[in-house]
Amino acid sequence: MKEFKGGYMGRILRVDLTKKEYRTEEIDDEDLKLLLGGRGLAAKIYYNEIGPDVDPFDEENRVIFMTGPLTGVRLPSTTKFQLATKSPETGGYLCSNCGGDFGPQLKRAGFDGLIVEGRADDLSYILIEDGKVSFHDATSWKGLESDETLERLKEAIDDTRAGCLSIGPAAERLVRISFINVDNRAFGRGGAGAVLGSKRLKGIAVKGSGKVPVADPARVSAIWKDAVKDLRTSRANHTKYGTPQYIEAINEFGCMPTRNFQTTFFEGADSVNAHAMKENYYVKNFHCFNCPVGCGMVSEVKDGPFKGARARTEYETVALLGPNCGVDDFAAIIAGNQLCDRMGIDTMSGGNLVGLTMELYERGLITKEDTCGIEAKFGSGEAMVELLRLIAERRGIGDLLAEGARGILKAHPEWSPYVLAVKGMPYAAYDPRGFYGNALTYGTSSRGACHNVGGWTIRAELQSGDYDRWATTGKGKLVMQIQDNRAYVDSLGVCTVVRGSMDFREQPQSDVMEAVTGYGFTSDLMEIGTRIYNLERMILNREGVRRKDDQLPQRTVLEKVPSGPIEGKYLTREMYNEMLDEYYDERGWDSEGVPKNETIKRLNLDTLLS
Amino acid sequence: MEITVKYLSVLKDKAKTAKEVFIMPANSALSDLTELIESKRGISLPDPHVMMVLNGKGFNQYPGKLQTPLNNGDTLLLLPPVSGG
């Protein structure tokens, strides 16, 4: 680590489950200069080690965990670390972002990253204590829920402050939408939990006695104070209402996913908005590591059939288990959320699959025999919860749903009018007919229809005088800039909610990076983001992705919005492809979405990957 | 003419109501409405911490901006800035 005076530990821990061995590897400074860490460095390792022919459940697949230079540093919400693996849900490249204590503890243990490879003989767990790794039998933990597994891991490592990650019983059954629970946060999308399930790895606990060095402690301390002061006002709404505050807004904008994205305005939104949550279910705020905002809204059901259900309600989960299933019962949403957390499945893909099931049922394409007797109608909170259980347990139609959108379409291509997914990943909780830039983000996201990796355009499309939400012009450049900004933020180790307080925007000016690492990263940050996005695209191309895979599902481009605030809006395939052409051009990619040689050279990707 | 104003999220707390209808003279502009909102609800507009969305578009996206003419049946949303992802 000659180039850096702080932020990095300089080493990666590689664990081989087959051989029960581990070793440490030094990180090349040049890689960090070009890719930062986190998502960027994980993508490079994926490029080098996970080829296009590796199946997600092969031993050869790896799970690459990577912190960023800010993970664990005394700045707001420096909780984040990244994951890269071959996704069981999409069959391709997956990057994923998560909080919790695991990332900071991994750095205190002396490592920037952890690579898990091979397959254990039987269900196992691993303990990492400073530089030492031990392998343990977890056969008695088979079937344990993911949150209970975290508690067992803390007992095993004898430290309640340890960072822990676990899988639930769904991942043990290789349900392709299983998540990895990290200190009750989640690597939610893409089914990474099932990769660990295929490796027979039930959990990992890590603790370290070291400290994360910083180049200029006095300057870092001053930045911390200013950022906290800024967040107390700029994120006051997040502290008060969390992300459920967006239920009302997205509904009023007319892009709320409703009844499997058939319509875009939910008449029951008042029952599932942030005020309803706060008045009837709110218990307390949850704060992630080092975070003054505390946007986690711990919610509990006090009476009724779901009494006792408890979960931290977030916008995406509420929208996809609620309006997307026609459900206006917040108690049922909390119960569904809890079931997903405990069994270990992604609430977003889960909500999509339940919405799909309800539509199939109401159209008479499946029956009660398929649904194990559940009356799978839109609007039933009980049905929504029980259908999630079927998926987690692989029972009845749940066994097919557990194969994810790709598996469903392989078995039933005639259901394609009702499946809302790109590259096998179902939509996030925004109907893209409401904001056309959002449509482009779903099509061009590196991991399938994702608003995080793909870029959240709604604010710019609504506020900036440069855009019209229903115009196609300018969206290519807009989406590219938001994607590249997010790509570098995901490589830093800091939560996106607080990034504005440290100026991690599209033209960063702050000296945070210099204060932490001692290296002049700031002026390079956006170019690093561009480099990472192009590296990911090269991975996707190698896995066979081309323009045809960047297209949107039928409902979005063939159906006009039938009712609500944006009734009649119609994003045609032609309009979408106009945006895609502009995007490819801005990116320096050819008409099939392959980076041109001059783009690869301009970004030093040829030398980086040689 | 009737103009509906909806207050979302923390703006609802500030206004102490979720929605109301203002009766305005013909030829009123958005600035006339914001003056009424300020005098009735104490919410001063424009405000960088408040999004104003008129008929589904940010007020900044209309050529007239605050002088945009209103029409009978228009809806104005007031909410804190949205961010996501």
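Those protein sequence lines, which keep their order, are chains A and B. Under this note's numbering, think of the first position of the first sequence as 1, with each following residue one higher. Under this note's numbering, think of the first position of the second sequence as 1001, with each following residue one higher. All C-beta atoms in this analysis are idealised placements derived from N, C-alpha and C, irrespective of residue type, glycine included.
Per DSSP, the continuous beta strand (DSSP E) segment holding lysine 1019 of chain B begins and ends at 1019-1023.
With fewer than 16 other Cβ atoms from the protein chains shown falling within 10 Å of its own Cβ, histidine 1049 of chain B counts as exposed. With 16 or more other Cβ atoms inside 10 Å of its own Cβ, serine 178 of chain A counts as buried. Residue state for phenylalanine 266 of chain A is assigned as coil, using DSSP reduced to three classes.
According to DSSP, phenylalanine 286 of chain A shares a beta bridge with A/Gly296. At the C-beta level, glutamate 59 of chain A and leucine 32 of chain A stay beyond 9 angstroms of one another. The C-beta of lysine 44 of chain A has 16 or more other C-beta atoms within 10 Å across all chains shown, which makes the residue buried. With respect to the 9 angstroms criterion, proline 292 of chain A and proline 76 of chain A are classified as neighbours on the basis of their beta carbons. Burial is judged here by how many other beta carbons sit within 10 angstroms of a residue's own beta carbon; isoleucine 247 of chain A has at least 16 and is buried. For lysine 1057 of chain B, the beta-bridge partners assigned by DSSP are B/Leu1054. Threonine 67 of chain A sits in a strand when the DSSP states are folded into three classes. In the displayed model, glutamate 314 of chain A falls within coil according to three-state DSSP, outside both helix and strand. Interface criterion met: the Cβ of isoleucine 458 of chain A is under 9 angstroms from a Cβ in chain B.
Look at tryptophan 141 of chain A here: in three-state DSSP terms it is helix.
Distance from the Cα of glycine 437 of chain A is smallest, within the candidate group A/Gly110, A/Met579, A/Lys86, A/Leu123, for A/Met579.
Apart from the 5 residues on each side of it in sequence, asparagine 541 of chain A sits with its Cβ closer than 8 angstroms to the Cβ of Gly593, Val594, Pro595 in its chain, given in chain order.
The alpha carbon of leucine 558 of chain A has as its nearest neighbour, out of A/Asn61, A/Arg433, A/Gly500, the alpha carbon of A/Arg433.
Contact between the region 376-384 of chain A and the region 356-367 of chain A is present: 3 or more CB-CB pairs across the two stretches fall below 8 angstroms. Looking at the DSSP output, tyrosine 125 of chain A sits in a beta bridge with A/His136, A/Gly203. Check the Cα spacing between proline 1046 of chain B and each of B/Asp1013, B/Leu1078, B/Ala1018: the tightest is with B/Leu1078. Closer than 9 angstroms to the CB of lysine 1040 of chain B there is not a single CB belonging to chain A.
If the five residues before and after leucine 231 of chain A are omitted, its C-beta is found closer than 7 angstroms to the C-beta atoms of Pro76, Pro292, Val293, Val498, Ser501, all from its own chain and listed in chain order. Taking 7 angstroms as the Cβ-Cβ cut-off, the region 497-530 of chain A has no residue approaching chain B.
If you look at asparagine 181 of chain A, you'll find it in the beta strand (DSSP E) that goes 180-182. Per the Cβ contact rule, the region 132-149 of chain A is not in contact with the region 64-84 of chain A (fewer than 3 Cβ pairs under 8 angstroms). The C-beta of tyrosine 427 of chain A comes no closer than 9 angstroms to any C-beta of chain B.
For methionine 1051 of chain B, at least one C-beta of chain A is nearer than 9 angstroms to its own C-beta. By alpha-carbon distance to cysteine 495 of chain A, the top candidate from A/Arg62, A/Arg185, A/Leu144 is A/Arg185. With a cutoff of 9 angstroms on beta-carbon distance, asparagine 61 of chain A and leucine 83 of chain A are scored as not near each other. Not flagged as an interface residue toward chain B: asparagine 285 of chain A, since no C-beta distance is shorter than 9 angstroms. Cβ-Cβ distances below 6 angstroms link lysine 410 of chain A to nothing in the same chain once the five nearest sequence neighbours on each side are left out. For tryptophan 456 of chain A, the three-state secondary structure derived from DSSP is coil. Contact of leucine 1066 of chain B with chain A is not assigned, every C-beta pair being separated by 9 angstroms or more.
Closest by C-alpha distance to glutamate 155 of chain A, out of A/Leu106, A/Thr263, A/Gly268, A/Gly203, is A/Gly203. Between arginine 39 of chain A and glutamate 25 of chain A a beta carbon distance of about 19 angstroms is seen, past the 8 angstroms cut, so the two are scored as non-contacting. Closest by C-alpha distance to glycine 564 of chain A, out of A/Phe266, A/Met513, A/Gly131, A/Gly190, is A/Phe266.
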